Amino acid sequence: MEIGSSESQAQTKKSKSKTPRKSKDAQLLKQKSPAEFFADNKNIAGFDNPGKCLYTTVRELVENALDSAESISELPIIEITIEEIGKSKFNSMIGLADHERVDEELYDDFETAKAREKRLAKEARLQETQAKNAALGKKTKGSTPAKPLKNREASYYRVTCKDNGRGMPHDDIPNMFGRVLSGTKYGLKQTRGKFGLGAKMALIWSKMSTGLPIEILSSMKGQTYSSFCRLDIDINRNIPHIHVHEKRTNVERWHGAEIQIVIEGNWTTYRSKILHYMRQMAVITPYAQFLFKFLSESPDKNVTVRFARRTDIMPPAPLETKYHPSAVDLLLIKKLIAETSKQNLLQFLQHEFVNVGKSHAERLIGKT
Numbered sequence: 001m002e003i004g005s006s007e008s009q010a011q012t013k014k015s016k017s018k019t020p021r022k023s024k025d026a027q028l029l030k031q032k033s034p035a036e037f038f039a040d041n042k043n044i045a046g047f048d049n050p051g052k053c054l055y056t057t058v059r060e061l062v063e064n065a066l067d068s069a070e071s072i073s074e075l076p077i078i079e080i081t082i083e084e085i086g087k088s089k090f091n092s093m094i095g096l097a098d099h100e101r102v103d104e105e106l107y108d109d110f111e112t113a114k115a116r117e118k119r120l121a122k123e124a125r126l127q128e129t130q131a132k133n134a135a136l137g138k139k140t141k142g143s144t145p146a147k148p149l150k151n152r153e154a155s156y157y158r159v160t161c162k163d164n165g166r167g168m169p170h171d172d173i174p175n176m177f178g179r180v181l182s183g184t185k186y187g188l189k190q191t192r193g194k195f196g197l198g199a200k201m202a203l204i205w206s207k208m209s210t211g212l213p214i215e216i217l218s219s220m221k222g223q224t225y226s227s228f229c230r231l232d233i234d235i236n237r238n239i240p241h242i243h244v245h246e247k248r249t250n251v252e253r254w255h256g257a258e259i260q261i262v263i264e265g266n267w268t269t270y271r272s273k274i275l276h277y278m279r280q281m282a283v284i285t286p287y288a289q290f291l292f293k294f295l296s297e298s299p300d301k302n303v304t305v306r307f308a309r310r311t312d313i314m315p316p317a318p319l320e321t322k323y324h325p326s327a328v329d330l331l332l333i334k335k336l337i338a339e340t341s342k343q344n345l346l347q348f349l350q351h352e353f354v355n356v357g358k359s360h361a362e363r364l365i366g367k368t
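With the first letter of the sequence shown counted as 1, position 302 gets the number 302 in full-length UniProt numbering; the numbers rise by one all the way through.
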């Protein structure tokens, strides 16, 4: 009896051990901030890989600069600079000392003995095939043997964009760059940007890839000072983390913005795409002047391209419009009613909607 009971107890324990246990974390309700969501899904905003991140950063900064200059009917003058940062310089920027590799196997470019043997065997077969073809007088295409893996070190770049646009109010700069889904383009007005993501996504990528803050220098027309701000973003709380925020003298009375950010990128693979984008922008905005510079560690690889302005005539600035009655829903109508200053329905319909005159509004009210 004791043996049987012990066996049944053992079976009971085994069956209990097979039952999956629910972790406490699976039962917790979690929330993500907008910044955290876009950091986890950065491909939504065009930040798929280092090369595309560099391209998208340039594009967002250039288009923000164009919008800023056009908003005050100023002929845009935009300077964009991409500076290559070597490993030693980057390490000094983040406070690290240069060091040699101690354990090669920890790196993703380490070639194992098996992989090396496979590569050498492939090269030997290729050489044997080429020798046979040469003996038979056959023409062969020049095939290059597989090269051993090189150190695939990350590449870093300082991207700077300067414009002569509107500039930004001193107190608004931290939220304009350090709070995702915060911006000035949410009205019913044609702009190149809409969701308040561009420069903030570049900052999020900078925080993920380099950990370095963004620097903004800005001044508005007529100001005797310029605003300097160095900040990064608290991704979990979606708020700016301000390092420096101060006013500086503006002797030259310059107006506009100068934005500088250090990110991981890949100039080699996206060089042609970035230059092609700059050429396209010069074509579709002939009233703008662009100066593009790429500063390499090797001076012979530097690139400077200037796109001169071809006309002094700018298209009229887009006007902000109102909602059309057929394009609203119940939620939007409730929002408009809560925000309007009008005291009756007749005035509300005339003021808040486009193409609704007094007679039309009276007809609509008469139908209710």
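Here a beta-carbon is modelled for each residue, glycine too, at the ideal position from N, C-alpha and C.
Since the structure is predicted, the reported quantities are computational estimates derived from the model, not experimental observations.
Neighbour-count burial assignment, Gly198, 16 or more Cβ in a 10 Å radius: buried
Nearest-angstrom beta carbon gap, Thr57 and Ile239 [assumed within contact, 8 angstroms]: The pair is not a contact, with the Cβ atoms about 22 angstroms apart (cut-off 8 angstroms).
Closest residue to His245 among Asn175, Asp329, Glu117 (Cα-Cα distance): Asn175
Ala257 - containing alpha helix (DSSP H), residue span: That residue, Ala257, is in no alpha helix (DSSP H); its beta strand (DSSP E) goes 256–265.
C-alpha distance - Lys207 paired with Asn41, whole-angstrom precision: 15 angstroms
Bridge-paired residues (DSSP) for residue 390: An answer regarding residue 390 cannot be provided, because it is not within the stretch 1 to 368 covered by the chain.
DSSP three-state assignment for Arg237, whether helix, strand or coil: coil
DSSP state of His324 mapped onto helix, strand, coil: Coil.
Arg253 - DSSP class collapsed to helix/strand/coil: coil
Val180 burial status per 10 Å Cβ neighbour count (16 or more: buried): buried
Segments of 3+ residues assigned as beta strand (DSSP E) that fall wholly inside the segment 292–355: The segment 292–355 contains these whole beta strand (DSSP E) runs: 303–307.
Own chain, CB closer than 7 angstroms to Pro325, minus 5 neighbours either side, in chain order: Phe353, Val356
Span separating the alpha-carbon of Leu336 from that of Leu346: 14 angstroms
Close Cβ partners of Lys358 (< 8 angstroms) along its chain, the five nearest in sequence each way excluded: Leu346, Gln350
Cβ-Cβ separation, Arg309 to Gln289 (assumed contact under 8 angstroms), whole Å: 4 angstroms
Own chain residues within Cβ distance below 6 angstroms of Ala361, not counting five before or after: When the five nearest sequence neighbours on each side are left out, the beta carbons in the same chain lying within less than 6 angstroms of the beta carbon of Ala361 are those of Leu346, Leu349, Gln350, in order along the chain.
Span of the alpha helix (DSSP H), counted from its first residue to its last, around Arg59: 50–70
For Leu203, the first and last residue of its enclosing alpha helix (DSSP H): For Leu203, the enclosing alpha helix (DSSP H) starts and ends at 198–209.
Pairwise C-alpha distance: Arg271 and Glu83: 13 angstroms
Coarse secondary structure for His360, derived from DSSP in three states: Annotated three-state conformation of His360 is helix, per DSSP.
Spatial distance of Leu126 from Thr268 (CA atoms): 29 angstroms
Residue(s) in a DSSP beta bridge with Val283: Answer by DSSP bridge pairing: none, since Val283 is not bridged.
Best match in Glu100, Lys87, Gly165, Lys52 for proximity to Leu66 [C-alpha to C-alpha]: Gly165
Counted within 10 angstroms of its Cβ, other Cβ atoms place Pro148 as buried (16 or more) or exposed: Confidence at Pro148 is low in this model, with a pLDDT of 47, below 50, so its placement is unreliable and the value that follows should be read with caution. The residue is exposed, with fewer than 16 neighbouring Cβ atoms inside 10 Å.
Integer-rounded CB distance, given that Phe177 should sit under 8 angstroms from Lys162: The pair is not a contact, with the Cβ atoms about 16 angstroms apart (cut-off 8 angstroms).
Cβ neighbours of Lys293 in the same chain (closer than 6 angstroms, five flanking residues each side left out): Excluding sequence neighbours, Lys293 sits near Thr81, Thr304.
Buried versus exposed call for His255 [16 or more other C-beta atoms within 10 Å across all chains shown]: His255 should be labelled buried.
Cβ shell of Ala35 (< 7 angstroms), same chain only, five flanking positions each side left out: Once the five neighbours on either side are set aside, the close Cβ partners of Ala35 are Val180, Ile204, Ile233, Ile235, Asn238.
Alpha-carbon to alpha-carbon, Asn266 and Lys150: Residue confidence for Lys150 is low, a pLDDT of 47 falling below 50, so the modelled location carries little weight; the figure read from the coordinates is stated next. Spanning the two alpha carbons is a distance of roughly 16 angstroms.
Assigned exposure category for Pro76 - 16 Cβ within 10 Å defines buried: buried
Contacts around Thr224, its chain only, beta-carbon distance under 8 angstroms, and the 5 residues preceding and following it disregarded: So the qualifying residues of the chain are Thr249, Asn250, Arg253.
Proximity to Tyr287 [Cα-Cα], best of Lys247, Pro316, Arg59, His241: Pro316
Helix, strand or coil at Asp103 according to DSSP, with G and I counted as helix: coil
Of the listed residues Phe307, Glu258, Phe47, nearest to Asp283 (C-alpha basis): Note on residue identity: the sequence assigns Val, not Asp, to residue 283. Of Phe307, Glu258, Phe47, the residue nearest in Cα terms is Phe307.
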